[in-house]
Amino acid sequence: MNDRLDCSKESVAVSLTRKDFESEQDVRWCPGCGDYSLLAQIQKLLPQLGIARENFAFVSGIGCSSRFPYYMDTYGMHAIHGRAPAVASGLKLARPELSVWVVTGDGDALAIGGNHFIHAIRRNIGLKIVLLNNRIYGLTKGQFSPTTELGEKTKTSPYGNIDRPFSAAALALGAGATFVARVVDTDLAQLGPILARAAAHPGTAFVEVLQNCIVFNDGAYAALTDKKQRDELRLVLEHGQPLRFGSNGERGIRLAGLRPEIVSVAGAPGVPEGEGVALSELAVHDESDPHGSLAFLLAQFAAPEFPLPLGIFRAVAAPAFEDMNAAIEDTARQQRGAGDLASLLAGGDTWTVA
Amino acid sequence: MNDRLDCSKESVAVSLTRKDFESEQDVRWCPGCGDYSLLAQIQKLLPQLGIARENFAFVSGIGCSSRFPYYMDTYGMHAIHGRAPAVASGLKLARPELSVWVVTGDGDALAIGGNHFIHAIRRNIGLKIVLLNNRIYGLTKGQFSPTTELGEKTKTSPYGNIDRPFSAAALALGAGATFVARVVDTDLAQLGPILARAAAHPGTAFVEVLQNCIVFNDGAYAALTDKKQRDELRLVLEHGQPLRFGSNGERGIRLAGLRPEIVSVAGAPGVPEGEGVALSELAVHDESDPHGSLAFLLAQFAAPEFPLPLGIFRAVAAPAFEDMNAAIEDTARQQRGAGDLASLLAGGDTWTVA
Amino acid sequence: MSGNEQVATEPPGALAPPERHVEELERVVIRFVGDSGDGMQLTGSEFSRVIARAGNAFATHPDYPSEIRAPTGTLFGVSGFQIQFAANRVFTSGDAPDVLVAMNPAALKTNLGELARGSVLLVNSGAFTAANLARAGYASNPLEDGSLDSYRLIAVDISLLTARALAGSGLSKKEADRCKNYFALGLMLCLFGRPIEGEIADVAERFAHIPRFAEANVTALRAGYGFAEASELFASTFEVRAAPPQPGTYRSITGNQATALGFVAASELSATPLFLGSYPITPATDILHELTTLRNFNITTFQAEDEIAGICSAIGAAWGGHLALTTTSGPGMALKTEALGLVTMLELPLVIVNVQRAGPSTGLPTKTEQADLLQALYGRHGECPIPVIAARSPADCFDAALEACRIAVKYMTPVILLTDGGIANAAEPWRVPDVASLPRIEVKYRTEADGFAPYARDEFLARPWVTPGTPGMEHRIGGLEKDFLSGNLSHDAQNHQRMVEVRAAKVAGIAAELPPLVVDGPDAGELLVVGWGSTWGAIAEARRQAEAAGIAVAHLHLRHLNPLPADLDEILARYRTILVPELNLGQLSRLLRERCLREVQTLHKVQGRPFRVSEILARIKAISAGAEHE
Amino acid sequence: MSGNEQVATEPPGALAPPERHVEELERVVIRFVGDSGDGMQLTGSEFSRVIARAGNAFATHPDYPSEIRAPTGTLFGVSGFQIQFAANRVFTSGDAPDVLVAMNPAALKTNLGELARGSVLLVNSGAFTAANLARAGYASNPLEDGSLDSYRLIAVDISLLTARALAGSGLSKKEADRCKNYFALGLMLCLFGRPIEGEIADVAERFAHIPRFAEANVTALRAGYGFAEASELFASTFEVRAAPPQPGTYRSITGNQATALGFVAASELSATPLFLGSYPITPATDILHELTTLRNFNITTFQAEDEIAGICSAIGAAWGGHLALTTTSGPGMALKTEALGLVTMLELPLVIVNVQRAGPSTGLPTKTEQADLLQALYGRHGECPIPVIAARSPADCFDAALEACRIAVKYMTPVILLTDGGIANAAEPWRVPDVASLPRIEVKYRTEADGFAPYARDEFLARPWVTPGTPGMEHRIGGLEKDFLSGNLSHDAQNHQRMVEVRAAKVAGIAAELPPLVVDGPDAGELLVVGWGSTWGAIAEARRQAEAAGIAVAHLHLRHLNPLPADLDEILARYRTILVPELNLGQLSRLLRERCLREVQTLHKVQGRPFRVSEILARIKAISAGAEHE
Ligand SMILES: Cc1ncc(C[n+]2csc(CCOP(=O)(O)OP(=O)(O)O)c2C)c(N)n1
Ligand SMILES: Cc1ncc(C[n+]2csc(CCOP(=O)(O)OP(=O)(O)O)c2C)c(N)n1
Ligand code: SF4
Ligand code: SF4
Ligand SMILES: [Mg+2]
Ligand SMILES: [Mg+2]
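If you read the protein sequences in the order shown, they are chains A, B, C and D.
So the first sequence is numbered by this note's numbering: it starts at 985 and just counts up by one.
So the second sequence is numbered by this note's numbering: it starts at 985 and just counts up by one.
So the third sequence is numbered by this note's numbering: it starts at 21 and just counts up by one.
So the fourth sequence is numbered by this note's numbering: it starts at 21 and just counts up by one.
Written as structure tokens, this is what we have:
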């Protein structure tokens, strides 16, 4: 108990380590599950944020992914299926000083919890929503989810899935997201920095983690993680940089009006002399595009036509809901004075009996 | 009863009139409510569709708008708040031959019913979803809705609304909509044709009707309907046509990369000689853009920066859910033969006791 | 005042009796009815205010259509407001009206059935146009066809007289016509011999922002009053003496207002910020409106995307240390049940208000009912005990809200507070309590890490309230079964049994601290009427009237429905017959039968309306007569 | 077989008794326990199959962790499968095992407590490595420290023997290790003197798609059997005679399978297409899996976005004329309650299956409980009556599903069918019914427009089923209160009362057609045990054993919980004591107390587990002893 008490606000910046964020509970995911990677990255990130341990709260719904809070030695709530954003919104409004994280799955966030997901995003409330997307319901043992691809055979689609999948990023953008990112579970180079950006974002930060479920949907992202193929299949987004991919950046995205096309980049290794288009013709990634239409376009990219974009789709500034909420209290006090119970009770139209 | 029986499938194309679609119930909206206009247009449209009256079903949730089915002399269900798309989906799957319409409100579809709304759209199931968006909860007497603008004062935002509104069109596009349109309640020139297009669309057709609630949010669209101002404030979308607005089409939208800008159109009335850009430089509307990014961009347009787009944002072909569902039955029969109860019951591993 | 008086726009002639006199009455019931657009709710509350100021006791009941603005003149567009006032304690807004003020034919048609022969019927004859008569389905004009002969009919062309009074005011015809409710109010104030000065000042204030309306309404009010006086419209006027109640400052309060104020008080008395997560629904929304306006207090209100998010956000806020609430009505309650399971597992304080309305499903949204009691007790999967309490009258909602908060934080538990559409919108006078006299509510967050276990319990079986942000006690909670002490998830069979039992014991234990039940009337004997919630007024009045008629009958009214009070069995055992009047098919009856293993008689009514006193009284009399015959 | 036998990898030496003999037993309970990865569920069901083929009666009960694949060797990763088999009728999967097969230390540790001293304990000694012992929290090796002395311990290094048997098979070490469950199965088949040929053929078929595994598993199976035989591992083998049951074709069936098949049958027998709208949830999901696979029948399955859409889509399909279902478990049930109100108003047929699990909230999702009964009856706002029925055993789910469908379409009503995790995953033999012998279910859509009124009722108070697409009867339905005949919305007070009453009467009326209740045992006397749902097996067996011990006790098991059967009161009145064992805190007890106004004794258990026969028997004995002492 004593070393726990160390983690008071004063000492936090210097004293916290990754170990401080590991709870005493045995981690109960399947060996090899992609969820472990996120856990490790978050446990690594939090001590760096200069926030006292007690000021973190993790909220989740139900699913393998939603077991996450149990493994963090922070405040945590394993709530009910799909409702984590709503619980977390209440907590954040009540206690805006806390760093509130929602860890969720593709079923939890996008099936049963779809409404709370889009509304949290719409309000731009200060939650960090991390969605472990394994394109399957893991905990209930293998039914298709709203991100399962068409034609996939699962326990509830033995003849092939006919539910068109959501692009989680597109849905978030459609709901007005101010921060949207996508990253592969095992891509440590991207995962840490993106989580750090999300942590720092005011308002709702949404991070989709493409997570491998080795039991029910193994290899869903095999091509994306396979060192041999992945450079051809993924498009790493960097703000202000042209949209390039391929192991030597030899390919890129050019826009004809609003229609994207894949082109070769002139001068890149492997591109024959005289072929390809100039680098300057490629579309340049812009996280801060005010209408988010580039982000939306990228969110539609899917194999086999296009490489899958990874990185930060969008990051724009907008007032956080909890700040606007706090401002209401000021307005109310300005307009009505500080609340006084006695005069409230005696308010309205009174009469006195002597 | 006899003239009703007339409306059998054979005679329908010739015999139905608008009157046939008026139920015997008194319409109970406030005099002057925008909902009347939609009712009239639908009652006008249906007889033209060549569908027998009994093959229409209207499903709604709860709200002023959701009273709609009562006034149609078709099959109708006034269900529970927010759930109409789910009820309608079940009906459509059970009876794909029916023309199934959902009439809903901004609260019904986008607050409590947000999840069913995005999932119906995601699946591209053959429903016609018409959303009467008055940016307020009418039936419960004036609370802000998910489309109420920031800062608006309502019964539940006496200090100004802090909930950022959804763009219903953007949300639908984010969910993968194949048909998205927006129209003003009183704009009969647009309303009828758009509803006709929606009726003909295979898959989910989403039509947002900007509807005036004269009691709780009167004038929300006053500028858009005011003959003097509206041409400056709205952008009428026409497939294949440049994005122009203004009473003489003297202004237009040009794209600098993906960023839209408002320009004057050279040669248009009122534009000084030598000023403005060539018509050919304007962005051209394309309903069928496969990634929907133009539609998404337009769905972000809002006053005061941009004119409000009206018309069909997106209309693309994609398999309808009910058709894919029907195909599953074929696959299953091919793989397993037609179902036979006796052999099913005796299936698996049996043993016989003599 | 005699027979059938027909008055057009001129002071009455031959038909008026030569002399006016003052009839003194103990109590009077007035019902104002008109088109939704006729402003009857306003007229009614203004009238109540005048009554209140004079020191009379009163109770009101509004009854409006679920349509926002139904087409003018239709039967379903009729809006009504009933008030009963008396010298002292008034228990209900009254059964049948003694005076019916009907502003148009539709209003007359839909309400006449409840008017006793011989009662006063004041009608705006100007609205009895051919079109309006047709809309209301009248084949002939009832003002003329003699069908109203058995009432004390006073027909005044209020429309025309108002228009005349406002001629030259600059108001459009339509605007002027909207003032006719103030003309009617003027008539009524004259009829009851009330001064109009206070009301004039009020109107001026209410319409201060639109001075020409303020002026016009005052003119109409004066015109009505003056017309009645000058024309000697009423053969007699009425007087209802006021017997001053307990000294103090009074106000008129509706159930929803009182509920909201109760929560504000609970927040202040516990020095704990209030959080309301809610989704609008009739008839609960006003609590949200009220608290949203009071954000100058330590209050956060959050209009969620649905009822599920409403309660879940409140759970998040409760975890964060706020005094958390969610408010709703039947259909919304249904949606909250899964989260009620969660918060029962989390053992966090939370108050859930269900302002019951007529069900099932969407039912009759603007009508009242008490049919959600068994849902409150049993409407969750698993063994999921939650305390349930109910408010009995508009003003009582204040105390009930305080009690709900007290139990929630003391026992670390969700608490369901049941009110209903009947008391939510009804108003009665409320003696404003002295803040210093209100009981503090003790809230303790645990901050001491030594010896901390998330599910260790105090003597009331409550676990500690530790909010995120407290150093040294980071822990995890959730909806899975948890270890008896650590709260970590546990699949242990015995632990589950123990947890199920301790959760049940905690709630059952509340019974131990409830004050002894109070019975009105004889403390043993033939008949005990047991009620809960909003039937209180009607039962109390029926009991009073029965007693006055020489029938001994006792009345027990339950605030606590779960757990039921410990002394309940013993009290019931003292009476031969138990009668349970309920606005449902007999839900408390079931609980009592199960609890006490004895027959109870049920009197049920499921009509979207409160009981009439007469309905209960008739049953009491029947039982009493039956007992005599035995 | 005597004392404590330690067998490593070689045939037993000194400790083995000189002679094997065959012990004949009436019934045996075997529990297979091991790591989640050890394939215990498979071993268990394969064993059941062999048993079944021999004509023995059996009942099984799987018990697996909620983790998908818990880390190897941990206590919470233990997976178990229990089977009881006997000559004839087996009512439960048994209380304590007679034979425990433990594949690793964690499995031993978590299960040993339930093994009676002197029972057979077969252990894979190869898994008792230092690492595994540590993971299970053993300080010393129980196989060596004498702590198992009081069991008939047989320790076999199954890991090593399997590896040896598969040396040269080309399988990797890990792959070979996965075959050890078949080695264990071989041992058990030898112990019970069962032939292995049938099983060999089965394994070959099951793994036909991966021939090398097929071969390896067969090798392991043979090796196990051979080893046991050659080594004379067991001092005695057991024989459980089979007394052939009623002639016919049998299969093994789980409750979820039987439920699914019942619905397919209902669809075929009514010639009505089936529609299932559902959202996955443990332990109900298998019904969805099953029906989804059967799309070659006239079946549509729709995996909705949540439980609300699950039921609402089913409501849409019911409106469209399908035999509509939704399947779920506790938390999902909570979410469906608002829509249950709607469908009650709509009066459309719909079956809602709640495969109950341990609650409240997320509770213990993989464990069983019966605590959703009161929710099924009362868990809705308003007066919202819905028939409730329950299945009593895995195979009985078939009949219960048929009955639910029959009531739904006959009365045009939603029907709640309660099963639970206990019977959903448990299996028992089922005599496959002759399709021709199954009762047809009559479905009539109204197509005759003449004289049609949407809410006109037949003699059972059912309204007509008119589906969209039917010419000439276009009409509107909804959740608002509706006119008694036309179904148009009606705010009329009397109409509401009438509708509330008619909905209640319709459901209450079902009681009139229920067949007389059947009591097992004496038809009057000291003790009647009343049960519902999955407790049937344990109560029936306890009754049998009590009877065998000379105690007269009767057993009444209720299929219909709402309405309760008409003859219930009369039957209960014939017994002095009523005992109600329930896997909750006494929910049926409340209903019986309320209904019959008499004391009932409750025996409740809330441990996520079915009753043991002994628990019920003990209580029966205590009651009987108490009665004697009186
Ligand atoms: C109300 C409710 N419905 C259904 C379930 C069952 N359930 C638990 S987790 C889950 C899906 C989880 O999928 P996802 O969020 O993708 O998590 P994963 O296990 O794949 O990480 C479902 C359907 C539940 N616990 N509660
Ligand atoms: C479950 C449930 N929650 C809340 C309500 C109350 N309610 C009825 S309509 C409505 C909002 C309607 O808004 P909208 O869909 O925009 O319809 P409008 O009246 O504006 O046309 C609400 C909150 C309800 N009937 N049911
Ligand atoms: S089932 Fe899949 S998602 Fe769940 S813990 Fe195992 S690998 Fe991870
Ligand atoms: S309140 Fe508004 S939306 Fe509702 S009927 Fe009236 S005008 Fe229309
Ligand atoms: Mg998943
Ligand atoms: Mg609206």
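In this text, a Cβ means the ideal position worked out from N, Cα and C, and glycines have one as well.
- The contact set of C/R610 on chain D, defined by CB atoms closer than 8 Å, consists of E614 in chain order.
- According to the DSSP assignment, C/W556 belongs to the alpha helix (DSSP H) that extends over 556-568.
- Judged by beta-carbon spacing, A/A1078 lies within the 8 Å limit of C/A337, meaning their Cβ atoms are closer than that value.
- Under the 8 Å criterion on CB atoms, B/Y1054 is classed as non-interfacial with respect to chain C.
- D/D197 has a beta carbon lying at 8 Å or more from every beta carbon in chain C.
- In this structure, the CA atom of C/S298 is about 30 Å from the CA atom of C/Q102.
- Exposure of D/I230 is indicated by the presence of fewer than 16 other C-beta atoms within 10 angstroms of its C-beta.
- Below the 9 Å Cβ cutoff, chain B contributes D1010, V1011, R1012, W1013, C1014, P1015 as neighbours of C/P91, in chain order.
- Residue-level contact check: C/I216 does not touch chain A, since none of the beta carbons of chain A fall below 8 Å from its beta carbon.
- Within the segment 1111-1164 of chain B, the complete alpha helix (DSSP H) segments at least 4 residues long are 1152-1158, listed from N- to C-terminus.
- Counting only the Cα atoms, D/L128 lies some 22 Å from D/A255.
- Along the segment 91-105 of chain C, going in chain order, the ones with a CB nearer than 9 Å to a CB of chain B are P91, T92, T94, F96, G97.
- In the DSSP assignment, A/Y1059 forms a beta bridge with A/A1041.
- Rounded to the nearest angstrom, the gap between the Cα atoms of B/K1076 and A/V1168 is 38 Å.
- In terms of side-chain proximity, the C-beta atom of D/R89 is found nearer than 7 Å to a non-hydrogen atom of ligand 3.
- Distance from the C-beta of A/F1128 to the nearest heavy atom of ligand 3 is not below 7 Å.
- Scanning the segment 352-401 of chain D for uninterrupted beta strand (DSSP E) segments of 3 residues or longer gives 370-376, listed from N- to C-terminal end.
- Three or more Cβ pairs drawn from the segment 1186-1200 of chain B and the segment 1108-1116 of chain B lie within less than 8 Å of each other, which places the two stretches in contact.
- Neighbours of D/R426 in chain A, taken as residues whose beta carbon is under 8 Å from its own, are absent, since the nearest beta carbon is some 28 Å off.
- Shortest Cα-Cα distance from C/Q627 to any of D/N515, D/D306, D/E403, D/G471 involves D/N515.
- Following the DSSP letters along the chain, one finds C/H309 inside the alpha helix (DSSP H) bounded by residues 305-313.
- B/V1071 is the residue among B/P1274, B/L1157, B/E1259, B/V1071 whose C-alpha sits nearest the C-alpha of B/T1088.
- Taking a C-beta distance under 8 Å as the contact criterion, D/Y475 and D/S506 qualify as a contact pair.
- Your pair A/L1282 and B/I1102 does not check out as a contact, with CB atoms roughly 20 Å apart and the cut at 8 Å.
- Ranking C/I406, C/G402, C/D392, C/V408 by CA distance to the CA of D/P405 puts C/D392 first.
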